[in-house]
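**Student:** Numbering (the working numbering), first residue to last: 878 to 1205. Just so you know, even glycine gets a beta-carbon here, dropped at the ideal spot from N, CA and C. I'd like to ask you about the structure that follows.
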């Protein structure tokens, strides 16, 4: 039986990754911070909990020993400062790689879950390819890019693969939940004119593609965008999500200046009370971009990658889960 360690398994993506690995017959361990909330781990069983942190080298070495695969999904998506992002997403990844090199250099594959934010948005409207230069526009994106750089430093010591997803949605997600909650009330937010374009991916397609990449020998040393191939405008995506919620859906237009003002205000409050803002100045910058689009042809060619949950289907599954769990 193949052994896999998942970091970040208490989170939305990491929990689905651990659950899918178990369904595929892996022996799964999850690295969990002492005292962390573990609600997402209550949805399935069969895993082994290993307590440790990314700043504790000893706990990392113990966690990676005898593992065949390490899926590094732990990271910060919200923080109060650039330094906080870098501490976890860059230096935490660096320490994990150092632990593998010291305790398990014969690892079959290290998979780093990065983000499209590491590349920055395409400036010319052409969907980004993995070979395009990285120009992150936020501290979060910068920290994920630094994590990618660290990962590639080890590609000659043990096999590594980097996954870059765009916006992710699905059951258990609290990030897109706000969007679904608005849609369930008959509205969907549109930034500016609503003519921005995005790729998106259901968590089910992402975890399946990630595991496929981990198991594919030709994926060693490679970076992949994983996303639904279709590009959506936020207007179209809003209509689809509203329909899944049983509503016709009306756009709630948010001028960019309002978005940026909210981001600055939230950032000030965040710094004052010491809690990361949901919509910070950096998130406002992300949301204001014309394009967040990527080209998945490399994954199609090397991995045989095909998504099974187009947005209409994935949104329906997600809404039904929110209703079942009485989130809505």
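What's the gap between the Cα of residue 904 and the Cα of residue 968?
**Tutor:** Roughly 27 Å separates the two Cα atoms.
**Student:** Would you tell me roughly how many angstroms separate the C-alpha atoms of residue 997 and residue 962, rounded to the nearest one?
**Tutor:** Those two C-alpha atoms are separated by around 16 Å.
**Student:** Between which residues of its own chain and residue 1217 is the CB-CB distance below 6 Å, once the five residues before and five after are set aside?
**Tutor:** This structure leaves residue 1217 out entirely; the chain is present only between 878 and 1205.
**Student:** Less than 7 Å separating the Cβ of residue 1036 from some heavy atom of the ligand SAM?
**Tutor:** In the structure on display, the ligand SAM does not appear, and there are no ligands present to speak of.
**Student:** List the endpoints of the continuous alpha helix (DSSP H) containing residue 892.
**Tutor:** 889-900
**Student:** Check this for me: beta carbons of residue 907 and residue 918, under 8 Å apart or not?
**Tutor:** Yes. Within cutoff.
**Student:** Under the DSSP definition of a beta bridge, which residues are partnered with residue 907?
**Tutor:** 883 and 926
**Student:** Residues in the same chain with beta-carbon distance under 6 Å from residue 1172, minus the five sequence neighbours each way, listed in chain order, please.
**Tutor:** So the list reads 1004 and 1006, once near-sequence residues are dropped.
**Student:** With DSSP collapsed to three states, give me the class of residue 1099.
**Tutor:** strand
**Student:** Please confirm whether residue 982 and residue 1034 have their CB atoms less than 8 Å apart.
**Tutor:** yes
**Student:** With contact counted as at least three CB pairs below 8 Å, one residue from each stretch, are the region 1115-1124 and the region 1006-1025 in contact?
**Tutor:** no
**Student:** Which whole runs of the alpha helix (DSSP H) in the region 944-991 are 4 residues long or more, in chain order?
**Tutor:** 959-962 and 968-980
**Student:** Contact check, residue 940 vs residue 882 under 8 Å by CB: the rounded distance?
**Tutor:** Going by Cβ atoms, the distance from residue 940 to residue 882 rounds to 6 Å, so yes, they are a contact pair.
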